[in-house]
Amino acid sequence: MLALLAAGLPVAAYASDADTTTDAATAAAGAAASSAPAGEIIVSAERTHTTLQKATLSVTAVSADTLAKNNITEIGGLNGQVPGLVVASSNAGERNIAIRGIGLGTPENPQTQSGVSYHIDGVYIFNSIAANAAFIDVGQVEVLRGPQGTMYGQGSTGGTINVVSNQPTTDAVSGSADVGYGNYNYIKSDAMLNVPITDTLAVRGAVSYEKHDGYAHATQVPGNSSYSLSNANHLTGKASIKWTPTSDVSVLLSTIQYRGNDHAPEQKNVLDPDPDAREVTQDYPGRNYVRTQLYYGVIKYNMPGVTFTSTTSYQKLKSNQSWDGDGLDEELYLADAGAASGGATYDHIGLWQQKATSWTQEYNIASDTKGPFKWILGGVYLHSVNKTYINEFSGNPDSDAYNPQATALPADTAWDDPAVQTVYYGENSQVTRESYAFYGQGTYKLTDLLSFTAGVRYNHDKYSGMSDTLNGGATDQTSGAYLQPAPTVTHGGGQMTWKAALDYQITPENMVYVSYTRGYKPGGVNSNAAVNGSYVTLGNPDGVQGTIKNEVVDSFEIGSKNRFFGNKLTLNASAFYYLYKNMQFINDDPVLFAYGISNVPMAHIYGAEFEANYDVTPHLTLNGNLALEHGTFSDNYEALSGIASSAAQTAAGYGGTSGFYSNYYAAYLTRLGAYQDVKGNDVPTMPAVTGSGSAEWNGDVGPGQLLLRAQYTYRGKYNSDIFGEIKTPSYQTVNLFARYALKDTGLWVSATLTNLFNVNGISSRFTDPYGVTHQTFSTYIPPRQFIATIGFKF
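Read in order, the letters of the sequence shown are residues 71 to 864 in our numbering.
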């Protein structure tokens, strides 16, 4: 009855299909897989391979088949598939990935990282923009919920997502190819080929291409009254070679290449008078170009009683983004923001560029699965450099700098070039991050049924930076380029994190566990605030400071994992309580343009999650999950919202850049009076209720096998900021899927229908923290999409 209730509620797809274990998991798990019950899911939780039902933490595995059934091609599609997971959008499509309300509260700031670490085959992906890359040749996606401070370290306060890809195998030549077409001129094609070269050497390659017309369009772009937004043009490739010279040694070399070259995503200003959710009254043609390169190698060596693993990676990212910063046409923007913007009729980001490189190295050594004591020891090193170059343009028709369609200036533009005056805000900065860590964790069987796990990790991070900015077209330079980065504040420090857990195997099919874990996310530097902010220049104790404190999460969790009725019913449940310290968020400052990152001292978060999978008959399966969560800020803390500070300044008559600086101190005092105490406000990006439920039928029909699936998803409403000023409403969707596979031929066809009722669900709502007047935008889930696909595998 409990499983039926869970499936009937708005609950999410539970995990990978019960009748298959993915190629990647099988290859990685080794002995763990061979000892697992038939149909058990193998996960690489906590850097060691175990069955999902034995892991002493909340973890969900979403299989490649589930991804295909829901047309999930990138991380944003995981909404509704995992309890407690919310993937929201920010400016220019940047992602805020949050688990149980903990994620990236500081989008657009490359100096910080998400509270949910993202990995591909265990390799840490250091920049959140790179998480936009499409999935390719995936075995399963593992989502670990709760702090993962021991195994995955800093940046895992909310949890960890690990994309496990399929590896080359020497078993046989195999391959697959498919092509799909749908409305919005949707084209999706994939191909994979695995070739054994010798008995010990195999190669595997995959390519994926996705393209579709815009789901929305801008109506006021000069020369184009229907400028496409939220379109797609993505190309992804993967190549791997695996050499296994002996049964004890393996070497895997892989690369994943991605290129996305689209128009900007739709961001609809809440003041837009057009009632059509898929039309925006904006006048700037934004673009979004992302190029990522990942190269990594994994060496495994099985020695007597232990396995040594070395994982090396090198990553490159280039991102060029531009978008309409006001989301309106000139007339509407002037009517709304005229006083606050000094009469400006536009606010456009001509370029927000990031160029980043990173190198990581990890070594670990783990015991085999024999005996009462299992352990793992390891060390990690990370070195990354992130360069940011920004051009934001604003002006009014009476200004010499008036150019609504301005494009970015070259970074080496001379200081006295008249074009510099057209730049409303410019930045040229570089942040270097160096990090190392050591970790160890062990599990000891106190009795045949009771086990104790303990682990500890030490992380050390160092940030150093260079930066130069300009405001209002006025550069400080008198020779050379108009922006010349100079050294800024250096920040560094260490942090210990840990885990302790007890698990009790009541029966072979029923287990309970309790755990206490600590995770942290490192702080960093606010290069601009350190120089220009009110904390430094005017001694304001609540002003944005030059350095950012570490986030720390202490998690207390109790859970149970169960199988009933001869393993037909899987039912997992967990409850948790968090002490969330020093949450990082984007804070405004009484001094204009001195915004940066600050820390809310304390929040309390608690909730419960349920997952169920019930094989009702050999042909009918019900899946579901449900998450119930709540979090509030518990300490008094004065913070300044961009919305409130702009409103106060405008009401006092100090509008725009010139108005502000001509009344500098008076405007400062006005904005100073807009501080708010956030105590009692809800933690953002935390819906009270999320989940989904699905029913799937699979059986022989004629010469083939037919699969039918229906899924209902509900995502509850939540606050989008710490002030409760911006609220993202709830939405619900229905997806349908059908597939028919001809027996003994490898040929199959499928039909996918997502968002059946064409719901204009708001994926996220946010305020641009760096805009001239802090406009608020809504982003939307994709509209109804029908896709017909034909494929072949051998």
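Quick reminder that beta carbons are idealized off the backbone N, C-alpha and C, glycines included. In this text, all values refer to a predicted model and were calculated from it rather than measured experimentally.
Would you kindly check if the distance between the Cβ of residue j and the Cβ of residue i is under 9 Å?
{"i": "GLU144", "j": "ASN202", "result": "yes"}
{"i": "GLY589", "j": "GLY219", "result": "yes"}
{"i": "GLU212", "j": "VAL273", "result": "no"}
{"i": "ASN294", "j": "PRO343", "result": "no"}
{"i": "ALA334", "j": "GLN424", "result": "no"}
{"i": "SER625", "j": "ALA678", "result": "no"}
{"i": "GLY694", "j": "GLY761", "result": "yes"}
{"i": "ARG741", "j": "LEU710", "result": "yes"}
{"i": "SER585", "j": "THR126", "result": "yes"}
{"i": "GLN385", "j": "PHE196", "result": "yes"}
{"i": "ASN805", "j": "THR691", "result": "no"}
{"i": "ALA204", "j": "HIS304", "result": "yes"}
{"i": "PHE864", "j": "SER244", "result": "yes"}
{"i": "GLY192", "j": "GLU432", "result": "yes"}
{"i": "VAL46", "j": "ALA158", "result": "Absent from the model: residue 46. The displayed extent of the chain is 71 to 864, so no value can be given."}
{"i": "ILE667", "j": "ILE713", "result": "no"}
{"i": "LEU299", "j": "TYR285", "result": "yes"}
{"i": "ALA808", "j": "ARG779", "result": "yes"}
{"i": "VAL614", "j": "ASP659", "result": "yes"}
Thinking residue i and residue j are a contact (beta carbons under 8 Å), I'd like their distance in whole angstroms, please.
{"i": "ASP332", "j": "VAL291", "result": "ASP332 to VAL291, Cβ: 15 Å. No contact."}
{"i": "GLY603", "j": "HIS561", "result": "So it is not a contact: roughly 15 Å between Cβ atoms."}
{"i": "LYS797", "j": "LYS787", "result": "6 Å"}
{"i": "TYR707", "j": "VAL670", "result": "5 Å"}
{"i": "ILE851", "j": "SER833", "result": "5 Å"}
{"i": "LYS749", "j": "PHE793", "result": "That belief does not hold up - the Cβ atoms of LYS749 and PHE793 are roughly 12 Å apart, past 8 Å."}
{"i": "GLY543", "j": "GLU462", "result": "Actually they are not in contact, since the Cβ atoms of GLY543 and GLU462 sit about 11 Å apart, beyond 8 Å."}
{"i": "GLY252", "j": "THR755", "result": "With 8 Å as the limit, GLY252 and THR755 do not qualify as a contact, their Cβ atoms being about 30 Å apart."}
{"i": "ALA811", "j": "GLY772", "result": "About 11 Å separates the two Cβ atoms, so there is no contact after all."}
{"i": "GLU621", "j": "THR227", "result": "5 Å"}
What I want to know is whether the C-beta of residue i ends up closer than 8 Å to one or more non-hydrogen atoms of the ligand GDP.
{"i": "ILE231", "result": "Of the ligands one can find in the structure shown there are none, so the ligand GDP has no counterpart to examine."}
Using the rule of at least 16 other Cβ atoms within 10 Å of the residue's Cβ for burial, across every protein chain shown, is residue i buried or exposed?
{"i": "THR815", "result": "exposed"}
{"i": "SER317", "result": "exposed"}
{"i": "GLY550", "result": "exposed"}
{"i": "GLU401", "result": "exposed"}
{"i": "ASN498", "result": "buried"}
{"i": "ILE576", "result": "exposed"}
{"i": "THR849", "result": "buried"}
{"i": "ASP482", "result": "exposed"}
{"i": "THR822", "result": "buried"}
{"i": "MET653", "result": "buried"}
{"i": "PRO217", "result": "buried"}
{"i": "LEU520", "result": "exposed"}
{"i": "VAL129", "result": "buried"}
{"i": "TYR665", "result": "buried"}
Does residue i come out as helix, strand or coil in the three-state DSSP assignment?
{"i": "ARG503", "result": "strand"}
{"i": "ASP346", "result": "coil"}
{"i": "TYR605", "result": "helix"}
{"i": "LYS638", "result": "coil"}
{"i": "THR727", "result": "Low confidence applies to THR727: its pLDDT is 48, below 50, so where it sits in the model is not reliable, and the reading given next is rough at best. Here THR727 sits in helix by DSSP."}
{"i": "ARG357", "result": "strand"}
{"i": "GLY861", "result": "strand"}
{"i": "ARG741", "result": "helix"}
{"i": "LYS787", "result": "coil"}
{"i": "THR351", "result": "coil"}
{"i": "THR720", "result": "helix"}
{"i": "LEU826", "result": "coil"}
{"i": "TYR735", "result": "helix"}
{"i": "PRO107", "result": "Bear in mind that the predicted position of PRO107 carries a pLDDT of just 47, short of 50, making it unreliable; the figure below should be weighed with that in mind. PRO107 falls in the coil class under three-state DSSP."}
{"i": "SER833", "result": "strand"}
{"i": "LEU341", "result": "coil"}
{"i": "ARG854", "result": "coil"}
{"i": "SER715", "result": "helix"}
{"i": "THR849", "result": "strand"}
{"i": "LEU122", "result": "helix"}
{"i": "ALA334", "result": "coil"}
{"i": "ALA88", "result": "Confidence at ALA88 is low in this model, with a pLDDT of 31, below 50, so its placement is unreliable and the value that follows should be read with caution. Note: ALA88 maps to coil in three-state DSSP."}
{"i": "GLU401", "result": "helix"}
Indicate whether at least one CB of chain B lies closer than 9 Å to the CB of residue i.
{"i": "TYR256", "result": "Given the protein chain composition of this structure (a single chain), no chain B is represented."}
(request) Please go through the stretch 423-495 and give each complete beta strand (DSSP E) segment of 3 or more residues, from N-terminal end onward. (result) Those beta strand (DSSP E) runs which fall completely within the stretch 423-495 and span 3+ residues are 443-465.
(request) Could you name each continuous alpha helix (DSSP H) segment of 4 residues or more that falls completely within the stretch 128-206, going from the start of the chain to the end? (result) The DSSP assignment places complete alpha helix (DSSP H) segments of no fewer than 4 residues inside the stretch 128-206 at 134-139, in order along the chain.
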